[in-house]
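In what follows, a single structure is set out as structure tokens and then discussed.
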Amino acid sequence: MPNDLKATSDLAEAFEWSSIYILAIPAQQLRKTLAEWKPLFRDDSIVVSTLKGIEISTQMRMTEVIEHVWEAKRVAVITGPNLADELVLRQPAGAVAAASTQELADQIRDLFRTPYYRTYTSTDVMGCELAGAIKSVIALSVGISIGMGFGENTQAMLITRGLNEVARLCAAHGADPLTAAGLAGMGDLVASCGSPLSRNRTFGEVLGRTGSLEQTRTQVAKTVEGVSTAGAVVEIAHRIGVEVPVIEAVADIVNGSISPAAALQRLMEITTKAENFIR
Numbered sequence: 001m002p003n004d005l006k007a008t009s010d011l012a013e014a015f016e017w018s019s020i021y022i023l024a025i026p027a028q029q030l031r032k033t034l035a036e037w038k039p040l041f042r043d044d045s046i047v048v049s050t051l052k053g054i055e056i057s058t059q060m061r062m063t064e065v066i067e068h069v070w071e072a073k074r075v076a077v078i079t080g081p082n083l084a085d086e087l088v089l090r091q092p093a094g095a096v097a098a099a100s101t102q103e104l105a106d107q108i109r110d111l112f113r114t115p116y117y118r119t120y121t122s123t124d125v126m127g128c129e130l131a132g133a134i135k136s137v138i139a140l141s142v143g144i145s146i147g148m149g150f151g152e153n154t155q156a157m158l159i160t161r162g163l164n165e166v167a168r169l170c171a172a173h174g175a176d177p178l179t180a181a182g183l184a185g186m187g188d189l190v191a192s193c194g195s196p197l198s199r200n201r202t203f204g205e206v207l208g209r210t211g212s213l214e215q216t217r218t219q220v221a222k223t224v225e226g227v228s229t230a231g232a233v234v235e236i237a238h239r240i241g242v243e244v245p246v247i248e249a250v251a252d253i254v255n256g257s258i259s260p261a262a263a264l265q266r267l268m269e270i271t272t273k274a275e276n277f278i279r
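Residues in the sequence shown are numbered from 1 upward in steps of one, following full-length UniProt numbering.
The structure is reproduced here in structure tokens:
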């Protein structure tokens, strides 16, 4: 641990001594946790979200929840292909520090940057958060296909078409669709879909192999954001009129309304159009 970093189990002490709060909480527990911690929050503090998810009940992004509950004025995001098991080994990695102002993004970049951790900046907070949340769903789809016994061709199709859905959702929301092509989107997809260290991919593999959500939850007893995020993203897509067949297939699988085999068959029967990045 760095000399200037102090560990404590005293929550009040942590808030009192810190001017920057870095949140790493399961997405669906964020609002409740923030409400409990609100009396300790200082208005002049910076909040950095590492969360990748969409709140089910409101379809709000994580920074929106933070701003709503804490009324925080300076909120940023750190996101990208960051598998924890590799980071603790200090293997070379990259990420994006996103904030509404370039000044805050630069500050967070400098805070996180190390010789082995390369941090870029963005002011497209919405795009970075959408990409980070949706990649979990796409990683589930890839894992499901692997569990069903399919190979790299199937994985490549799901990743590429899934990335297209990320870009379309970003564009429809007013975010930059090209954010999907950066570390927050494609970068995170490559890591989450390609690595057995990914919880979403691992969950998908077991689900694709067993076809049982209950059995999969028993075998993979970890937080898997893509399971809860899928339905929320579908609701967002329906509200703004964006087609997301890969995400919708995952949502239907995890809510038990369709089998993995039937979902893949449905995807393969969709009428194809000219391939364009955000169409």
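Built from N, CA and C at the ideal position, the CB exists for glycine as well.
What you are looking at is a predicted structure, and each value in this text was computed from that prediction instead of being measured.
Coarse secondary structure for G94, derived from DSSP in three states: In the displayed model, G94 falls within a strand according to three-state DSSP.
Per DSSP, which residues does A99 bridge with? Please list them. A76
Buried or exposed for T119, please, with buried defined as at least 16 other CB atoms from any protein chain shown within 10 angstroms of its CB. buried
Given that a residue counts as buried once 16 or more other Cβ atoms are within 10 Å of its Cβ, and exposed if not, what is L183? buried
Find out if the Cβ-Cβ distance for the pair A249, D188 is shorter than 8 Å. no
What does DSSP give as the partner residue(s) for R61 in the beta ladder? I54
Continuous alpha helix (DSSP H) stretch holding I138: start and end: V125 to G147
Coarse secondary structure for S192, derived from DSSP in three states: Judged by DSSP in its simplified three-state form, S192 adopts helix.
Inter-residue spacing [alpha-carbon to alpha-carbon] between A139 and G226: 8 Å
Count the other CB atoms within 10 Å of the CB of N276; is the residue buried (16 or more) or exposed (fewer)? exposed
Determine the burial state of Y116: buried for a count of at least 16 other Cβ atoms within 10 Å of its Cβ, exposed for fewer. exposed
Are there three or more Cβ pairs, one per stretch, closer than 8 Å when the segment 234-254 is compared with the segment 140-147? When C-beta atoms of the segment 234-254 are compared with those of the segment 140-147, three or more pairs fall below 8 Å, so the two segments count as touching.
Please go through the same chain and pick out, in chain order, the residues whose beta-carbon is closer than 6 Å to the beta-carbon of F15, but skip the five residues on each side of it. L40
Taking only three categories from DSSP, how would you classify V242? It is coil, neither helix nor strand.
C-alpha gap between T177 and S18, whole angstroms: Just to set this straight, residue 177 is Pro in the shown sequence, not Thr. Looking at the two C-alpha atoms, the distance is approximately 35 Å.
So, using beta-carbon positions, are I66 and V47 closer together than 8 Å? The answer is yes: Cβ separation under 8 Å.
CB contact flag (L267, P245, <8 Å): yes
Flag D252 as yes if its beta-carbon sits less than 8 Å from any beta-carbon of chain D, otherwise no. Absent from the structure is chain D; it holds one protein chain and no more.
Relative to the C-alpha of Q102, which candidate in V75, V88 and T114 has its C-alpha closest? The residue among V75, V88 and T114 with its C-alpha nearest the C-alpha of Q102 is V75.
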